[in-house]
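Residue numbering for the sequence shown follows the working numbering, starting at 49 and increasing by one per position.
From the three backbone atoms N, C-alpha and C, an ideal C-beta is built for every residue, glycine too.
A quick note: this is a predicted structure, and the numbers were derived from the prediction, not measured.
Step one of this worksheet: look at the structure below.
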Amino acid sequence: MDFSEAVRRSPDGAEADLLVSPGSDRSALEGVDPWRKRIIVRVRAKPTEGKANREVEELISGITGCRAEVVRGHTSRQKTVAIRGDPDIIMRHIGEAL
């Protein structure tokens with residue numbers, strides 16, 4: 049699945065644009081929305097008190113093996129996550145998870 053428009057290199061690693069679906073039955077990367085150019089992410093947590101954002105950060109960190117932080121879209125389903133580390137490794141792990 050082509051996710052190249054949703055993930056880009058940054059000075060500290062990479063940034064990923066996400067479309068988050070909170071309150072799902074499982075936590076996982078589900079694919080790519082080609083129109084929004086975002087990776088679809090499902091998380092179990094409800095979008096209250098930052099719980100869904102924390103779960104997004106934990107999920108992306110677990111997939112990439114790198115620290116992840118929501119940097120834009122804290123109160124929106126459309127989020128951008130900064131991922132610190134080697135961008136080639138980050139992109140490889142995201143590609144494998146999709």
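Residue burial annotation: Lys-127 is buried, with at least 16 other C-beta atoms found within 10 angstroms of its C-beta. In this structure, Ile-111 sits away from Gly-61, with a CB-CB distance that is not shorter than 8 Å. In the structure shown, Ala-93 adopts coil according to DSSP, grouped into three states. Contact between Ser-109 and Ala-116 holds: CB atoms are separated by about 5 Å, below the 8 Å threshold. The beta carbon of Arg-102 is closer than 8 Å to those of Ala-93 in its chain, skipping five residues each way along the sequence. Under DSSP, Ala-54 shares a beta bridge with no residue. Annotated three-state conformation of Arg-140 is helix, per DSSP. Rounded to the nearest angstrom, the Cβ distance from Val-104 to Leu-66 is 7 Å, consistent with a contact under 8 Å. Look at Arg-86 here: in three-state DSSP terms it is strand.
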